[in-house]
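Protein sequences, first through last, are from chains X and S. Going by the UniProt record's numbering, the first sequence opens with residue 1, and the numbers climb by one from there. Going by the UniProt record's numbering, the second sequence opens with residue 1, and the numbers climb by one from there. To start, the structure under review is shown below, and the notes come after it.
There are 2 protein chains.
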Amino acid sequence: MPSYIAPTKDTQFVLHNVLNVSQADTPGYAELDAEFTGAVLEEAGKIAGEVLAPLNPVGDTEGCVLENGVVRTPTGFKAAFDQVREGGWTALDLPEEYGGQNMPYVLGTAVGEMFSAANQAFTMYQGLTHGAASAILTHGTDEQKQTYLPNMFSCEWTGTMNLTEPHCGTDLGLMRSKAEPQDDGSYAITGQKIFISSGEHDMADNIIHLVLAKIPGGPEGIKGVSLFIVPKFLINDDGSLGDRNGVKCGKIEEKMGIHGNSTCVMDYDGAKGWLLGDMHKGMRAMFTMMNEARIGVGMQGLAQAEIAYQNAVIYAKDRLQGRAVTGAENPDGPADPLIVHPDIRRSLMDQKSFIEGARAFLLWSAQLIDQSHRGDDAAAEGLISLMTPVVKGFLTDEGYDMTVLAQQIYGGHGYIEESGMSQYTRDARIAMIYEGANGVQALDLVGRKLAQDSGKHVMAFFEMVKNFCKDNKDVEGMSDFVEPLKAASKDLQTAGMFFMQNGMKNPNAALSGSYDFMHLFGHVCLGLMWGRMARAALSALEDGSGDKAFYEAKLKTGRFYMQRRLPATAMHLARIQSGAEPVMGLDAEQF
Amino acid sequence: MPSYIAPTKDTQFVLHNVLNVSQADTPGYAELDAEFTGAVLEEAGKIAGEVLAPLNPVGDTEGCVLENGVVRTPTGFKAAFDQVREGGWTALDLPEEYGGQNMPYVLGTAVGEMFSAANQAFTMYQGLTHGAASAILTHGTDEQKQTYLPNMFSCEWTGTMNLTEPHCGTDLGLMRSKAEPQDDGSYAITGQKIFISSGEHDMADNIIHLVLAKIPGGPEGIKGVSLFIVPKFLINDDGSLGDRNGVKCGKIEEKMGIHGNSTCVMDYDGAKGWLLGDMHKGMRAMFTMMNEARIGVGMQGLAQAEIAYQNAVIYAKDRLQGRAVTGAENPDGPADPLIVHPDIRRSLMDQKSFIEGARAFLLWSAQLIDQSHRGDDAAAEGLISLMTPVVKGFLTDEGYDMTVLAQQIYGGHGYIEESGMSQYTRDARIAMIYEGANGVQALDLVGRKLAQDSGKHVMAFFEMVKNFCKDNKDVEGMSDFVEPLKAASKDLQTAGMFFMQNGMKNPNAALSGSYDFMHLFGHVCLGLMWGRMARAALSALEDGSGDKAFYEAKLKTGRFYMQRRLPATAMHLARIQSGAEPVMGLDAEQF
């Protein structure tokens, strides 16, 4: 039976030793002292480990079932959802005005990792609601906010995002769903949307669909797309639920994973909807939520890596097989535990060094979001805008690979569903795809974000790395971190230079290297994070405060990352520098 | 609906332009002219594409069902198995004496790739039988051969291999299954075996289990293990089937993939068995089949990559989404096909350049097996013994990654089971695990094979690469191949040197780099294959014979591999050179 224990200690280390959140001057951060965040994380960890994790294999095995238009979620999901609601976990970082707890996003993210790790499919119901509520919060009228937000914050009503249609995903300009204006100011929405997560289910009284559609006569393509609020049940003036709207779930998809979440085909047949935000500006409204949504998906990559790793460690310590090459370590037993074998260690260290680096990167990103939203910090906004595709693309690709490594440690048992290890890889796989497939993230990074504001944000990032190296180069114990980080950062700069020199003449020369650039960037970010964590661990060891073994493990894990993972940057650079010719050389018929 | 078209043209290119099989002096190779192999491959391709591939999703969806001790295979499997049997495909490369067709292994391997690609789960029924029959052929008495082989060659009876027990997989010395000698010269086998592929099913009249067990009183550990033949139905003196033996399928496992193959828990309760080969020499008997079995699994990695790639190409040409950054390429359509986008190309080229390189590597390996078995060539035997873990480990790891890339091209549709893309990754996943998990392959390579016969075989490999580079360095068009191959080969040699210098003092210093070494070695092998293919393509272009576009695509695809994939060798070398400390530094409690 797979288990999950929330990584509270490591999260606290990042929040307080690395990011020093309670000392930051971002509004709301003063409250985030170690005692407070510790208490919140402790409680969240309990829910994750005791309530959500046991339901994870149940969701995978039972899946969701559509019968007579009603989707039945897996056994126990509804009771757990009630418990999460009652604990106030659904609007931790949303404003108090509509019933939220107004905590910083960085804390919501730390909690989100725990819930996602314990049960990704389950946590998506509230995650999608959070996203839809944020959109209404940002773009809705006062009346819309009053009507929808209190019940959405509490997840009495859940939310969805309806973008994709059968023939269009990335290229939403091809959209066919129509919104016909009605005399009462509403719109009649008609069309089919697919891949709608949490589109229909039995855990909430109402479902508030946010739907992209075109108002006839508007501009062609993506510029003619508007966003609409389409509730499953219409809402009466007194706030009670009225008639069923003209929207239904036509089918639920059989998927590779996240079986506990209902992925629906939604059929809109003249459903009543109301414009959210400006007419024809639907994409802009979606994009304001995009950074957060994509960081949330990056988080899922980390989260699945974490739970897979935890269970791999348990197995590696428990399973007796073979003897250590340097002499028996469990001489009284029939064999040594797997963890004595160097290649098992290599795999566990690849996982551990990724996970801890990724957690720091994720929480730093969440801090930048807070600085941007709560602190109106334009530099932070620029930086997080640049790094969002890296968080999403790199953490989900690597997170997936880590679940595969963890599964491998189980040998044949990892391939059997009973062990639970297969579910982590199957669930993690979707995060590389949704909220913009990772190739689209790479395109966003290289095609848009790099050059944004004349390259100001990437320059700021390089400056930050440079200053870190300068400040730490003479600190005892830091050269193991500073030197590799410098080299990796140089590879990233060289790659950026290559794009500048070649991309203008031939955009394909830059875009052929976009995916490698995203990974190169990700490694430099994790290298920087490891540098910061190492510095924090050295300081703590010097102080003599806290858990010595924890800080020493941090340093050793960091050195592993610098020596064993960062050398990937040179490979990515070499791939990038080969330019467009090897990639674009064949005619389509030659494939 | 996913499809499969056998890559006959490419296979023919490798057999005739690269390996020149019909000119080789290995017994049986003279028959292998292009017309003959073309005819065989054409027929095999038809069976694969028309009979096996359509059943692939059926097998995945229906799976196998155990009811009252009987395992029901998916709809259509039995009829297809009859067709494969009737076509004589089950003993293509087995001796005529017992009904085989006596063709070289290289041709059996080429056919095997096609069947495996089209339907891995189905093809395993005959694959396991082939393995079990080979063991009886090599180690059986004349009477055993007469009794079992004719029906096994024709797959009227199928075979299995029973090694794993719940508490032991890699470390078979821990085995508990017992074989008690009986007065009639037989043994009573008792114990539980798990993960038995094709252990029970409804497609054959009898199932011949090869079972590892310990005869009481024998040596401790792995040296006390013997191999037994345990038929499901006992065989009467007249060859007819007699009583049911004391073996039954207790359970079939729910797995991540290969649902069409029944993976059984087999319970032996005093089942009648007969010793195969020498007493207490069971492992040796298993090992003689190991090279072939492992190369067969490496083949599965390639095969799943191939079918996934084919379907990714179809989708990339078909799906309209976005516009080429250099200007619309399908201006009359609503959007351009995916294949115009550089990052889609990057992914397809990663796949294509791996697949074609892997096919050459696989068939070259099969040729070495033929040279070793048919030609009694000790150098070939040494070389294939060295390279077997590379074929198995590298091709299955990379093959799996390629299925993930192919699935990604489908975006959200790739995550939906209906597209079929998920099945390829789920099926490919097992190949990294069975027949020795890939970490065990790496251990075998670095811990045993490298130093075998005083390192003679790895020296021979380096010599071969060196000679290839020397012979081709001045050939026009070959420098794109020779230079990167030289550099990659140097990385491999440096890594080997590092092991020699450090591994004696501290074996962990070598074993911490074993996995990277396996991948480094794999890249050098594929680099060598691309060099040979490039040379063959250049010659063909010079001759003006054959399909110009095909040879030109070959050269471009090869250049992609050399420029975009071979730089990985430097990363693996850097990881290796960091030695044991980063990997082994933590105490077990610190994970």
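By construction, the Cβ of each residue, glycine as well, lies at the ideal position given by its N, Cα and C atoms.
Could you check how far apart the C-beta atoms of residue i and residue j are, in whole angstroms? I think they sit under 8 Å.
| i | j | result |
| --- | --- | --- |
| Tyr98/S | Phe153/S | 5 Å |
| Gln371/X | Tyr309/X | No, Gln371/X and Tyr309/X are not in contact; Cβ-Cβ is about 30 Å, not under 8 Å. |
| Val391/S | Ile295/S | 5 Å |
| Lys178/S | Gly191/S | 6 Å |
| Gly76/X | Leu92/X | Between Leu92/X and Gly76/X the Cβ distance is about 23 Å, and since that is not below 8 Å, they are no contact. |
| Pro57/X | Gln407/X | Not really, about 15 Å apart at Cβ, beyond 8 Å. |
| Asp202/S | Thr123/S | Contact flag wrong, Cβ pair sits at about 17 Å. |
| Gly414/X | Ile433/S | 7 Å |
| Phe461/S | Leu573/S | Wrong, their Cβ atoms sit about 17 Å apart, outside the cutoff. |
| Lys255/X | Glu417/S | 7 Å |
| Ser512/X | Val583/X | 4 Å |
| Tyr315/X | Tyr187/X | 54 Å between Cβ atoms; not a contact. |
| Lys193/X | Glu165/X | 6 Å |
| Phe468/X | Gln577/X | Incorrect: roughly 26 Å between the Cβ atoms, too far for contact. |
Give the range of the beta strand (DSSP E) segment to which residue i is assigned.
| i | result |
| --- | --- |
| Val70/S | Val70 to Arg72 |
| Lys223/X | Segment: none, Lys223/X is in no beta strand (DSSP E) and carries neither H nor E. |
| Ile235/S | Phe233 to Ile235 |
| Leu172/X | That residue, Leu172/X, is in no beta strand (DSSP E); it is neither H nor E in DSSP. |
| Leu66/X | Val65 to Glu67 |
Is the distance from the Cβ of residue i to the Cβ of residue j below 9 Å?
| i | j | result |
| --- | --- | --- |
| Met478/S | Arg535/S | yes |
| residue 620/S | Met571/S | What the structure shows of chain S is the stretch from 1 to 591, and residue 620/S is not part of that stretch, so it cannot be assessed. |
| Arg319/S | Leu338/S | yes |
| Arg359/X | Glu306/X | yes |
| Ala121/S | Ile258/S | yes |
| Leu212/X | Leu163/X | yes |
| Glu113/X | Ala303/X | yes |
| Ser489/S | Lys456/S | no |
| Trp364/X | Met529/X | yes |
| Phe115/S | Val65/S | no |
| Cys264/S | Gly246/S | no |
| Lys272/X | Val225/X | no |
If I follow the unbroken alpha helix (DSSP H) through residue i, where does it start and stop?
| i | result |
| --- | --- |
| Asn151/S | Asp142 to Phe153 |
| Tyr125/S | Gln120 to His139 |
| Ile355/X | Pro342 to His373 |
| Pro582/S | Glu581 to Met584 |
| Val390/X | Ala378 to Ile409 |
| Val465/X | Gln452 to Asn472 |
| Ile314/X | Gly282 to Asp318 |
| Phe521/S | Ser514 to Asp543 |
| Phe326/S | A small fix is needed here, since residue 326/S is Thr in this sequence, not Phe. Thr326/S -> no alpha helix (DSSP H), and no H or E assigned at all. |
| Ala553/X | Lys548 to Phe560 |
Give me the DSSP bridge partner(s) of residue i.
| i | result |
| --- | --- |
| Gln192/X | Asp267/X |
| Lys490/X | Answer by DSSP bridge pairing: none, since Lys490/X is not bridged. |
| Tyr187/X | Pro181/X and Gly273/X |
| Met161/X | Leu210/X |
| Arg244/X | Phe233/X |
| Lys78/S | Paired residues: none, contrary to the question. |
| Phe228/X | Val211/X and Leu275/X |
| Gly479/X | Residue identity differs from the one stated: residue 479/X is Ser in this sequence, not Gly. DSSP, once it has assigned bridges, lists no residue as partnering Ser479/X. |
| Pro337/S | Leu320/S |
| Ser197/X | Thr263/X |
| Ile252/S | Cys264/S |
Exercise. What residues from the region 312-325 of chain X come within 8 Å of chain S, judged by C-beta to C-beta, listed N to C?
Worked result: Val313, Ala316, Lys317, Leu320, Gln321, Gly322 and Val325
Exercise. Residues in the region 344-368 of chain X with C-beta within 8 Å of chain S's C-beta atoms, listed in sequence order?
Worked result: Ile344, Arg345, Arg346, Ser347, Leu348, Met349 and Lys352
Problem set entry | Selection of the region 506-524 of chain X by Cβ proximity to chain S, strictly under 7 Å | Pro507, Asn508, Leu511, Ser512, Ser514 and Tyr515
Exercise. Name the residues in the region 247-276 of chain S whose C-beta lies less than 9 Å from a C-beta of chain X; which are they?
Worked result: Glu253, Glu254, Lys255, Met256, Gly257, Ile258 and Thr263
Problem set entry | Residues within the region 138-169 of chain X neighbouring chain S, beta-carbon criterion of under 8 Å | Thr164, His167, Cys168 and Gly169
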